[in-house]
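Enquirer:
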Amino acid sequence: MDKVETLIKEQQLKDQFDNLEKHTQWGIEFAEKYNKFVKERSEIEINYAKQIRNLSKKYQPKKNSREEEESKYTFCRAFFTTLNELNDYAGQHEVIAENLNSQIITELSRYLQELKTERKTHFHDGRKAQQYIESSWKQLESCKRRFERDCKEADRAQQYFEKMDADINVTKADVEKARQQAQMRHQMASDSKGDYSSYLQKFNQEQNDHYHTIIPNIFQKLQDMEEKRIERIGACMKTFAEVDRQVLPIVGKCLDGMTTAAESIEPKTDSQQVVESYKSGFEPPSDVEFEDYGQAMKRTVSENSLSNSREGKEKPAGKSKPKLWPFIKNKNKSPKQHKEPLSHRLNDFMASKPKMHCLRSLRRGGSGPEDFSHLPPEQRRKKLQGKIDDLNKDIHKEMDQRDALTKMKDVYIKNPQMGDPASVDPRLTEIGQNIEKLQAEVQKFEGWLAEVEERMPSKSDSHRRSGLYETQSTIAVSNNCAQDRESPDGSYTEEQNTETQVKANINININPNPNPNTIPTTMPDDEEFDDDDEPLATIGTCKALYPFEGHNEGTIAVAEGELLYVIEEDKGDGWTRVRRNQDEEGYVPTSYIEVNLEPNAKGAMTYI
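Sequential numbering from 210 applies to the sequence shown in this note's numbering.
(1) Under 8 Å Cβ to Cβ from Lys353, same chain only, skipping five residues before and after it: list those, please.
(2) Indicate whether Met783 and Thr764 have their beta-carbon atoms separated by less than 7 Å.
(3) Taking the C-alpha atoms as reference points, what is the distance between Leu349 and Glu327?
(4) For the stretch 631-658, which segments carrying the beta strand (DSSP E) assignment without a break, of at least 3 residues, lie completely within its bounds, in sequence order?
(5) What is the DSSP secondary structure of Asn624, counted as helix, strand or coil?
(6) Tell me which residues share the same chain as Glu793 and place their Cβ nearer than 8 Å to its Cβ, disregarding the 5 neighbours each side in the sequence.
(7) Measuring CB to CB, does Asp823 end up less than 7 Å from Trp657?
(8) Here's a check: name, in chain order, each residue in its chain whose Cβ is nearer than 6 Å to the Cβ of Asp359, leaving out the five neighbours to either side.
(9) Identify every run of the alpha helix (DSSP H) within the stretch 283-364, keeping only runs that are complete inside it and at least 4 residues long; order them along the chain.
(10) With H, G and I counted as helix, E and B as strand and the rest as coil, what does DSSP make of Leu584?
(11) Using CA coordinates, which residue listed in Ile776, Thr233, Tyr774 and Val775 is at the minimum distance from Lys437?
(12) Is Arg788 helix, strand or coil when you go by DSSP?
(13) For the ligand GTP, is there a heavy atom less than 6 Å away from the beta-carbon of Gly466?
(14) Quick check on DSSP: helix, strand or coil for Val797?
(15) Tell me whether Leu593 sits in a helix, a strand or coil according to DSSP, three-state version.
(16) Using the Cα positions of Lys532 and Lys272, report the straight-line distance between them to the nearest angstrom.
(17) Within 10 angstroms of the Cβ of Ile640, are there 16 or more other Cβ atoms? Answer buried if so, exposed if not.
(18) Would His331 be called buried (16 or more neighbouring beta carbons within 10 Å of its own) or exposed?
(19) Within 10 Å of its beta-carbon, does Asp779 have 16 or more other beta-carbons around it, so buried, or fewer, so exposed?
(20) Would you identify the three-state DSSP class for Glu777, choosing helix, strand or coil?
(21) Between the C-alpha atoms of Tyr621 and Val651, what's the straight-line distance to the nearest angstrom?
(22) What do you reckon, are the CB atoms on Ser489 and Pro585 nearer than 7 Å?
(23) Who are the Cβ neighbours of Leu295 in its own chain at under 8 Å, not counting the five residues just before and after it?
(24) How many angstroms separate the CA atom of Phe499 from the CA atom of Ile802?
(25) So, using beta-carbon positions, are Cys445 and Ile314 closer together than 7 Å?
(26) Can you give me the C-alpha to C-alpha distance between Asp619 and Gly595, rounded to a whole angstrom?
(27) Tell me, to the nearest whole angstrom, how far the beta carbon of Asp418 is from that of Ile305; I am working on the premise that it is less than 8 Å.
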């Protein structure tokens, strides 16, 4: 019965070890799974921070002149501040990943290694105690079987001795031999009994220690190990939350910075900045004068009446303009000369138009001139002033370097052991040359700036407001707005070209009329008009509002205030074809002139 109970206990103990081994292994796997979860969370934080940083970097202002333009506006500065705060926000997610890695992942991985080693030790001790008690049980069973065998041998020997002693036919020697054999078997049975009794006592003690001390201690260690594992998992989960909570104040500051940046946006300031940035400096045009074209109806085809009409209409400059005769006399008239069809002239004109488009295309890809003459006066003044400020800063830097090197040279002169004074001279010479170059640049830009400030109109300059028709691109009407104040090379021309002024003066001096604004209109009355070799007929007149140099092919230079004939009106591309005399004609920007078409011309109108 005792044997059966012992076997049952041993089997139950073995089953408990198997169950505990499975449970503890599952606990370790759970800890590893949680550690993997935290590691993946850390990777997500790193990737998120990287993407946020890349996003912030992508929209950061580029290192060019556009950055300076954008930094003037409050909404742009707010956006840049938001990008910087977002970059700091990404840094906090990197801090989260770093703390998760150092406080949870690394520590938990090391603890899991220790846990596996401890678990292995405990189960090894349990298996060892189990094997020892099983071995003791087997030895007890062996002693018991030996004692049982010796007892049976002793009984058989005793029975054999009694049988031999009762037989009268057996010799005395055989009886003595049987008696000795029986005594020996009894002694062996007695020894086996003693061994069995002592080992049984020993086994019972070991079994008691095994079930009441060794195995409970092992189980207690396993229980403590499991509790520590659970406690460590709980601590990791708490740290997992604390890592996020630690960065919340800084994240809140980042969000507060974004909010403050958004609240700092000032729409009125930005709109005023736009006004200051694109203010051209041109004055609005004065009222358009009334020009009486009805007087031209009184003219006759006779030379006398034409002359009388012309003399009667001559008035001081600026009050009215005479009617310009729309045809030009062909002095080499030949009645039999073949007349060139008008369609041929149109074809020639259409063939020359692409040149103008090509000229306009040049300004799209090219950079502006060094003196910023392609800009309106106010913008040009600002650019020149900014350039002068930059050059002055460079001069101050060079001067600081020169002063430092001069002091160094003085130190070398006083203490030759510290260095050779002559070694500083090449650098001082180079800096001196750089300063001279920069000062020359400053003088050049200051000259341009002074010229711009002289030409810029003032509010008290009333005669300029009444004599000149200056306008901005936003006031232009019709379909010429895209070319306002643009020459074919894309520049805003403010400076009156010397060569253009000479041409204008020559043209005015040749005019025999005392009034420089009057264009001669005399023409013999018996001449016929032959357009074989003649230019296109004039359809009106125009007055140049701004000087135009006309360097490109197909254009003509004009001076400010010069009067010209219009031979072809704007076709929608921003260019008008004009003529100065019979042999000199070309295109000028429509926005540079004030056009007055003949009343009978197609689509007659007056526009600026």
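We put the CB at the ideal spot given by N, CA and C, even for glycine.
Expert: To lay it out plainly:
(1) Tyr405 and Leu409
(2) Here the sequence assigns Gly to residue 783, which means Met is not the residue at that position. Not in contact: Gly783 and Thr764 (Cβ atoms no closer than 7 Å).
(3) 33 Å
(4) none
(5) coil
(6) Ile765
(7) Nothing can be reported for residue 823: it is not among the residues displayed for the chain, which extend from 210 to 817.
(8) Met397, Ala398 and Ser401
(9) 283-309
(10) coil
(11) Thr233
(12) strand
(13) Because no ligand of any kind appears in the structure shown, any question about the ligand GTP cannot be addressed here.
(14) strand
(15) helix
(16) The pLDDT assigned to Lys532 is 37, lower than 50, so where the model puts this residue is not dependable; a value taken from the coordinates is nonetheless given after this. Rounded to the nearest angstrom, the two C-alpha atoms are 58 Å apart.
(17) buried
(18) buried
(19) buried
(20) strand
(21) 34 Å
(22) yes
(23) Ile261, Leu264, Ser265, Cys463 and Met467
(24) 17 Å
(25) no
(26) 36 Å
(27) Actually they do not touch by this definition, with Cβ atoms about 53 Å apart.
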